[in-house]
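In my numbering, the protein residues as written are 27 to 346. Where is the CB? At the ideal position from N, CA and C, for every residue including glycine. Quick caveat, the model's predicted, so the values are computed rather than measured.
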C-alpha cells in the first residue's frame, strides 16, 4: 500500500496546477484519510479549486467524473487529473462549503438521476451471480489474510460467511430488477453536497454497476441498527420523484428494504476483506476492521435469513 504523504500530495498539486496554468498561494485541508486527501487550493487570481489525492484502490474516480461531466450530471467539474503508479490527483471545481444537510427528497432525486445514467463498461458490476459469490470471495480473502498472519481468531466471521454462502444463491435472486445500473457506491449524506452552487454528488471512487437499492441502503450508513421501515420510506420517496416503481418489488423472497440492507452490509464486509487481502489496509487496522466486519455480517445474516436458529428471532444489531 502507498500511503499519501505530504511530499506526494505537494508534487501532485504542482503537476496539476502547472498543467492548468494556475498558481497556488495557499491551501486548506478539508479531509484527510489513510487512502485519500482533499484540499482547497487558493490561487493567485483570487479563485479556489479542490484537489483530491487518492491511492489504490481509488484511482479510477477521474474516469468516472469525466464521463459524468460529459453526461451533464450534477457532479463537480473535473479540470484535470494526473495518474502515478497507484496514485491519482484530480483538480475540480470548488463547490463551496455545504450550507445544510440534504433532504430525503434531494437524496431520492439524486439517486434517481444517477440510476438513469447508462452504466460504464469499465466499472465493476454486481449482478445476481456476482452477489451470490460475495461470501465465498470474502472467505477466500480471509484465508489469504490468515496465511499472512493477519485477521487471526476470526472463527465467528468464518461461520457467518459460511451461513451466508448457503443462502446467497437464492437471496441474490432479483438483483437485476430495476433500478439496476450506475450506482454511486458511497451514497451518504456527506456525499450529497448542498451549497449555494446547488446540489452535487461528490466522492465517486467506489462507483459500480448494480442494484440501485444498494445506493439507497447506503444512505443510512452502517453505524446504526438497520431499519427496513426507514429504508422503505426512502424507497417510496424515490419512486415518487420518478424512480423505477419496481424498486418496491420483493427480491430473493424478501421485502425490498430488508433485501437491500442485508446485501449492503454483506457487500461492505466483502469490500473490507478483499481490499485488506489486496494490501490496501495496514495490519494495525485489522483488529478494528474485524470488529466492523463481524457486526456487518451479523446484521446481514439476520436480514438475509442466515442467522443461527437461536438468534433468528433476535433484534437486529448495530452493523457499523
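Taking residue 211 as the centre and dropping the five residues before and after it, the same chain places the C-beta of 232, 233 and 234 closer than 6 Å to its C-beta, in chain order. Around the Cβ of residue 59, a 10 Å sphere holds fewer than 16 other Cβ atoms; the residue is exposed. For the 9 Å CB-CB criterion, residue 148 and residue 52 do not form a contact. Excluding residues up to 5 positions away in sequence, 153, 154, 157, 237 and 277 lie with their Cβ nearer than 7 Å to the Cβ of residue 201 in the same chain. Excluding its 5 nearest sequence neighbours in each direction, residue 254 has C-beta neighbours in its own chain below 7 Å: 281, 283, 284 and 287, listed in chain order. Comparing C-alpha distances from residue 267 to each of 109, 123, 129 and 45 shows the shortest one belongs to 129. In the same chain as residue 219, and ignoring 5 residues on each side of it, the C-beta atoms closer than 6 Å to its own belong to 121, 124, 226 and 228, in chain order. Under the three-state reduction of DSSP, residue 140 is assigned to helix. Distance between residue 316 and residue 161, taken at the CA atoms: about 15 Å. Rounded to whole angstroms, residue 182 and residue 327 show a C-alpha spacing of 12 Å. Apart from sequence neighbours up to five positions away, the residues of its chain that approach residue 204 with a beta-carbon distance below 6 Å are 270 and 272, ordered along the chain.
By the C-beta criterion, the segment 161-172 is judged to be in contact with the segment 184-191, since at least 3 inter-stretch pairs fall below 8 Å.
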